[in-house]
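Notes follow once the structure below has been shown.
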Amino acid sequence: MAETTVTAQDAGFEDLISSDTPTLVDFWAEWCGPCKMMEGPLGELAGEQAGKLTVAKLNVDENPNTAMNYEVMSIPTMILFKDGQEQKRFVGARSKGQLEAELADYIG
Numbered sequence: 064m065a066e067t068t069v070t071a072q073d074a075g076f077e078d079l080i081s082s083d084t085p086t087l088v089d090f091w092a093e094w095c096g097p098c099k100m101m102e103g104p105l106g107e108l109a110g111e112q113a114g115k116l117t118v119a120k121l122n123v124d125e126n127p128n129t130a131m132n133y134e135v136m137s138i139p140t141m142i143l144f145k146d147g148q149e150q151k152r153f154v155g156a157r158s159k160g161q162l163e164a165e166l167a168d169y170i171g
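In my numbering, the protein residues as written are 64 to 171.
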């Protein structure tokens, strides 16, 4: 995991997403191949957008309550939150360019 990403957990999750800085949460698992493909693009995005976007990773096997609360049915699922509210949801692996395009309205 990149140094610029945050590890999210069930405990404290609501505090993490309640920021006025957009927070992109990657719901993933160790055994998920497409999830591993997202590590590079998400790490790069986190570094390049530091201060404008928080990128957090939540392991669904270790934190099942949050995954269940947000109805995450398949992984990778990435949910963009701002002020505690879901703004956008992506399911499936994406390139860094695709992520940037889909997040452009939120990170200016």
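Note that beta-carbon positions come from the ideal geometry of N, C-alpha and C, so glycine has one too.
Rounded to the nearest angstrom, how far is the Cβ of Gly147 from that of Glu77, given a contact under 8 angstroms? Here the question's residue 147 lines up with position 84 in the sequence shown. Here the question's residue 77 lines up with position 14 in the sequence shown. Your pair Gly147 and Glu77 checks out as a contact, with CB atoms roughly 7 angstroms apart and the cut at 8 angstroms.
For Lys120 and Ala156, the rounded distance between their alpha carbons: Translated into the one-based positions of the sequence shown, residue 156 becomes position 93. Translated into the one-based positions of the sequence shown, residue 120 becomes position 57. When rounded, the distance between both Cα atoms is 14 angstroms.
Which residue or residues does DSSP assign as beta-bridge partners of Asn122? Mapped onto the sequence shown, residue 122 falls at position 59. Paired residues: Trp91.
How should Asn132 be labelled, buried or exposed, when 16 other C-beta atoms within 10 angstroms of its C-beta is the threshold for buried? Locating residue 132 in the sequence shown gives position 69, where the first residue counts as 1. That one is exposed.
Please report how far the alpha carbon of Thr117 lies from the alpha carbon of Met136, in whole angstroms. Here the question's residue 117 lines up with position 54 in the sequence shown. Here the question's residue 136 lines up with position 73 in the sequence shown. Cα to Cα, Thr117 sits roughly 23 angstroms from Met136.
Return the Cβ separation of Pro85 and Ser158 in integer angstroms, given the expectation that the two are a contact with Cβ distance under 8 angstroms. In the sequence shown, counting from the first residue as 1, residue 85 sits at position 22. In the sequence shown, counting from the first residue as 1, residue 158 sits at position 95. With 8 angstroms as the limit, Pro85 and Ser158 do not qualify as a contact, their Cβ atoms being about 19 angstroms apart.
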